[in-house]
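I have placed the structure first, in the form of structure tokens, so that the comments after it can refer back to it.
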Amino acid sequence: MINKKVKNVQEALADVKSEMTFMLGGFGLCGIPENAISELVRLDVREVTCISNNAGVDDFGLGLLLQNKQIKKMISSYVGENDEFERQMLSGELEVELTPQGTLAEKCRAAQAGFPAFYTPAGFGTEVAEGKETREFDGKMYVLEPAFKADFAFVKAWKGDAAGNLVFKGTSRNFNPNMCGAATITVAEVEEMVEVGELDPNNVHIPGIFVQRIFQGKNYEKRIEQRTVRNRN
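Basically our numbering = 1-based index in the sequence shown + 1062.
Here you go:
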């Protein structure tokens, strides 16, 4: 067994540099790699490209990197909860590549599986398809989408072991599993580190072969992006 456990987030991100491309898992504020994001802020890496479903909120998640002007380009599918994201995009300070949500997930999964590209009907006839190859299959038009290329994928799981096996919980299964193995190096932070052999193989969502480094995370805030409650009568 290869032991992929590292001491902390500092060791896990020791070779991160400016101008790299990062994948960051999670959906909204659920299942985001909070420890890795905080370390990226501390390292003050610059001119980075981030691939993520969204950019968090103004003072949390990737919003922290945006506040510090560390991100050169965002590749995402949703920008609605981050005022600074919107401001930088509209002012031209930030390069933004908006991608249909399913296409974004599949571009990660294609990279994970070693596929260079795939055809999808999403976006045909819109700005999304401009400059891209299109092709007809069975009377329907498709757009050729390349798989993502990234230096690091940062993911957050519920449980993991030193071999890199991961179990995700609930909504955190959006984007996190697809990003494992989709970059040159995948770094997983987990809420609970267990002994090898403790995880039921039938419940493992991502096997360790897709993970290069894993560490025990800490101090998770797990914020709620939009708290909605029912009015009491």
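Note that CB positions come from ideal geometry on N, CA and C, so glycine has one too. On a predicted model such as this, the values are computed, not experimentally measured, just so you know.
Sequence-distant Cβ neighbours of GLU1146 in its own chain, meaning closer than 8 Å and more than five residues away, are ASP1120, GLY1125, LEU1128, GLN1129. For VAL1273, there is no enclosing beta strand (DSSP E), as DSSP marks it with neither H nor E. In this chain, the beta strand (DSSP E) harbouring ARG1197 covers 1196 to 1199. By alpha-carbon distance to LYS1131, the top candidate from ARG1275, VAL1141, ARG1149 is ARG1149. The Cβ atoms of GLU1168 and LYS1134 do not sit closer than 8 Å to each other.
Here SER1234 is actually not in contact with GLY1090; their C-beta atoms are around 10 Å apart, not less than 8 Å. Contact between LYS1218 and GLY1279 holds, with the beta-carbon distance rounding to 7 Å and staying under 8 Å. From the listed residues LEU1152, ALA1225, ASP1223, ILE1271, the smallest Cα separation to THR1246 is found for ILE1271.
The beta strand (DSSP E) runs lying completely inside the region 1076 to 1164 and spanning 3 residues or more are 1083 to 1086, 1110 to 1113, 1133 to 1138, 1157 to 1160, given in chain order.
DSSP places MET1241 within a helical segment (H, G or I) once states are collapsed to three. Per DSSP, ALA1179 lies in no alpha helix (DSSP H) segment; the continuous beta strand (DSSP E) that holds it begins and ends at 1179 to 1182. Taking a 10 Å sphere around the C-beta of VAL1291, we find fewer than 16 other C-beta atoms and assign the residue as exposed.
Around the Cβ of TYR1204, a 10 Å sphere holds 16 or more other Cβ atoms; the residue is buried. Under the DSSP assignment, ALA1250 falls in the beta strand (DSSP E) whose first and last residues are 1247 to 1256. Counting along the chain, VAL1291 sits inside no beta strand (DSSP E), nor does DSSP assign it H or E at all.
Of all alpha-carbon atoms in PRO1183, VAL1078, PHE1216, the one lying nearest the alpha-carbon of GLY1201 is that of PRO1183. For the set ALA1215, ASN1240, GLN1274, GLU1207, the Cα lying nearest the Cα of VAL1068 is the one of GLN1274.
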